[in-house]
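Colleague:
Residue numbers (our numbering): 5 to 273.
1. Which term fits residue 176, buried or exposed, when burial requires 16 or more other beta carbons within 10 angstroms of its beta carbon?
2. Where does residue 23 fall in DSSP's three states?
3. Tell me, please, whether the stretch 71-83 touches the stretch 161-175 by the rule of three or more beta-carbon pairs shorter than 8 Å.
4. Could you check if residue 146 is buried or exposed, using at least 16 other CB atoms within 10 Å of its CB as the buried criterion?
5. Starting from residue 158, follow the alpha helix (DSSP H) in both directions and report where the run begins and ends.
6. Indicate the three-state DSSP secondary structure (helix, strand or coil) for residue 72 in the structure shown.
7. Give me the Cα-Cα distance between residue 236 and residue 116, rounded to the nearest whole angstrom.
8. Are the beta-carbon atoms belonging to residue 223 and residue 192 less than 8 Å from one another?
9. Could you tell me the boundaries of the alpha helix (DSSP H) in which residue 118 lies?
10. Along the alpha helix (DSSP H) that carries residue 210, what are the first and last residues, could you check?
11. Within this structure, are the beta carbons of residue 72 and residue 113 separated by less than 8 Å?
12. Looking at C-alpha atoms only, which residue of 231, 92 and 67 is the closest neighbour of residue 205?
13. Are the CB atoms of residue 242 and residue 27 within a distance shorter than 8 Å?
14. Spatial neighbours of residue 295 within its chain, please: C-beta separation below 6 Å, excluding the five flanking residues on both sides.
15. Can you name, in chain order, every residue of its own chain whose Cβ lies under 7 Å from the Cβ of residue 108, other than the five neighbours on each side?
16. Quick one: grab the DSSP three-state call for residue 172.
17. Could you say which of 249, 58, 244 and 8 lies nearest to residue 120 if we only look at CA atoms?
18. When the Cα of residue 228 is compared with those of 140, 185, 14 and 60, which residue comes out closest?
19. Return the first residue and the last residue of the alpha helix (DSSP H) that residue 33 is part of.
20. Between residue 154 and residue 23, what straight-line distance do the alpha-carbon atoms span, to the nearest angstrom?
21. Taking the C-alpha atoms as reference points, what is the distance between residue 160 and residue 48?
22. From residue 126 to residue 60, what distance separates their C-alpha atoms?
23. Classify residue 69: buried if its beta carbon has 16 or more other beta carbons within 10 angstroms, exposed otherwise.
24. Helix, strand or coil for residue 5? Go by DSSP, reduced to three states.
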């Protein structure tokens, strides 16, 4: 188990520089409030969709078969978890050493799961958005509810993710790649299990009767797109941190203590 922790960068002490709960742009309290607002919005969205599908369209039994819904649940869970940890950090009296927020003292398996969740919700929303609007968006805005629904889970999901990426100080590692590929593989298995049990394909491009030999091409394209998105996210994180380094050199950095000429510690990666 120790090798797994090392592989994913779960060091001891965990997140010593508090990159998961601090920002170079806003205070940790404001970061926590932003995450809490997004957590509330995503939770309300999920509840409304579940009620609508259960009462109006009667397709609630299909809800957990769609990658969009599963990834949105992950996004919601992440914002609640990160909001709680960030607000806990911002409310701790100084000095905050050696432990600054609850997750740092929790079992390492929970620390690992939080990091994995963080990385996946910084990648999956962009895949969902691109695939939907390129391949699946017919009649997406044909009614007020459908418009709100699809904007929330196929546009705002990516907007929420990019907001967190820019505001955070965390940077995902390349070691997350096997986990992302595993998630895609498990979802494809779920899609075919759904067809076997409920007799419909969640996404038409997974139907071999319609796409014949193209299914493998679509799956490979999704894997490549996932790796590309991860690379772009890492690039954004690098630019974000480099911009802050320039701000530090100019003599006007933002820190938790205010405007002082002391840079934040290097991000935990």
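The beta-carbon is built from N, C-alpha and C at its ideal position, and this holds for glycine as well.
Modeller: Put simply:
1. buried
2. coil
3. yes
4. It counts as exposed.
5. 148-158
6. helix
7. 23 Å
8. Yes.
9. 112-125
10. It is not in any alpha helix (DSSP H) - residue 210 carries neither H nor E in the DSSP assignment.
11. No; because the gap between Cβ atoms is not below 8 Å, this pair is not in contact.
12. 67
13. The answer is no: Cβ separation not under 8 Å.
14. With the chain covering 5 to 273 only, the question about residue 295 has no answer from this structure.
15. 17, 18 and 19
16. Correct three-state label for residue 172: coil.
17. It is 8.
18. The shortest Cα separation from residue 228 among 140, 185, 14 and 60 belongs to 185.
19. 32-59
20. If you take the alpha carbons of residue 154 and residue 23, they lie about 32 Å apart.
21. 14 Å
22. The C-alpha of residue 126 lies about 32 Å from the C-alpha of residue 60.
23. buried
24. coil
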